[in-house]
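First up is the structure itself, then whatever we jot down about it.
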Amino acid sequence: MSDQVYYEDVEEGMDIPTLRKDPTTQQLVMYAGASGDYYQIHYDKDYALNNGLPDVILHGALKNAFLGQLMTDWIGQQGTLKKLSVQYRGMDVPGTPVFAKGAVSKKYEQDGEHIVECDIRLEKEDGQTTTPGHAIVALPSRG
Amino acid sequence: MPEDSVITDEMREAIGLESEPITTEIEQGAIVKFARAIGDDNPLYSDEEAARASRFGGIVAPPTFLRSVRAPRPPREFPSQFSANLDGGSEWTYFEPVRPGDRITVTAKIADFNERKGRLGTMLFTIRETRYANQFGNTVAIQRSTGISYDPEASKDD
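Residue numbers (numbering that gives the first Met the number 0), protein chains in the order written: chain E, 0 to 142; chain U, 0 to 157.
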């Protein structure tokens, strides 16, 4: 929280700090409880297999939350998340780490705000992207 | 429209119809529990003192917390030929923070239907738009989500 990023610090193409998450079956149950999403494919392995899935899988919305944290960790308390979009293209299973990553795609001023757009993604350990996305934030300016 | 389309006229007529609203009071404990479940230790979500000292002046909810707030179903239900469902993705637009004590009113509508043949056989894509407003009548966020429905038997054929 101490190192606030400012609009002037940002350049197009720069990476934002990677966020590693280690989801477990326990976390999927915690997320089911906290979110109210009790669809069995997220905690009942037999049910998941019967639905053509390889294992229980992470809730898409949990991966959305990881990518939300990627952005809010980076923009700090002075930054504002304005838009966050994610597409679930591949499945992720518990017991193996995932990495939320992103890079700045654009920066510009609009209506008095200092806007930064980022291409973001959730990757498996082997580098495969399961969840691409996009975020738009407003950052504080030193100006 | 292909002859074997899974999108019926009845479904098309339902596009844009808004649901009845559901209002939920946001409890601080629910925010703390949600933040813990996603593994996010940001003090804005759980540390009252730190949050009060921030520009937000108090605890706020993580960006995807609204997923945990009960949302109405769009006003019409359809008999579906597909029993399996997946979440295809979400697009959030944020306008204001959500805080403990807020009364959040949620409305939902179907924004569109699409279909495509893919890995899981014929897949039906349902685009839902969910709008969240606070007790001041301000929209705090809009979520456009894509639901994917398919026949689990068809997905086992390949």
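All residues carry an ideal CB built from backbone N, CA and C; glycine is no exception.
Setting aside the 5 residues that flank it on each side, arginine 19 of chain E is surrounded in the same chain by Pro96, Phe98, each with a C-beta closer than 7 Å to its C-beta; the list follows chain order. Ranked by Cα distance from asparagine 137 of chain U, the options U:Arg66, U:Pro151, U:Pro96, U:Phe124 are led by U:Pro96. When the Cα atoms are used, phenylalanine 112 of chain U and proline 62 of chain U turn out to be separated by approximately 26 Å.
The C-alpha of glycine 142 of chain E is placed about 42 Å away from the C-alpha of aspartate 91 of chain E. Under the 8 Å criterion on CB atoms, phenylalanine 33 of chain U is classed as interfacial with respect to chain E. Cβ-Cβ distances below 8 Å link histidine 113 of chain E to Tyr6, Lys106, Ala137, Leu138, Pro139, Ser140 in the same chain, with the five nearest sequence neighbours on each side left out; the list follows chain order. Between the C-alpha atoms of alanine 36 of chain U and alanine 60 of chain U there is a straight-line separation of about 13 Å.
Setting aside the 5 residues that flank it on each side, tyrosine 131 of chain U is surrounded in the same chain by Leu65, Val68, Val97, Ile103, Thr104, Val105, Thr138, Val139, Ala140, Ile141, Gln142, each with a C-beta closer than 8 Å to its C-beta; the list follows chain order. Taking 8 Å as the cut-off, the Cβ atoms of proline 42 of chain U and alanine 50 of chain U count as close. At a Cβ-Cβ threshold of 8 Å, valine 103 of chain E and valine 85 of chain E do not count as neighbours.
In the three-state reduction of the DSSP assignment, asparagine 84 of chain U falls in the strand class, which pools E and B. Collapsing the DSSP output to three states places arginine 118 of chain U in coil.
DSSP, reduced to helix, strand and coil, places glutamate 10 of chain E outside both helices and strands of the structure shown, so it counts as coil. Of the residues assessed, proline 22 of chain E falls on the buried side of the cut-off, its CB having 16 or more other CB atoms within 10 angstroms. Between alanine 153 of chain U and the set U:Gly57, U:Glu19, U:Gln80, the nearest pair of CA atoms involves U:Gln80.
With its beta carbon less than 8 Å from one in chain E, leucine 43 of chain U belongs to the interface. In the three-state reduction of the DSSP assignment, isoleucine 103 of chain U falls in the strand class. Residue pairing by DSSP places leucine 80 of chain E opposite E:Val136 in a beta bridge.
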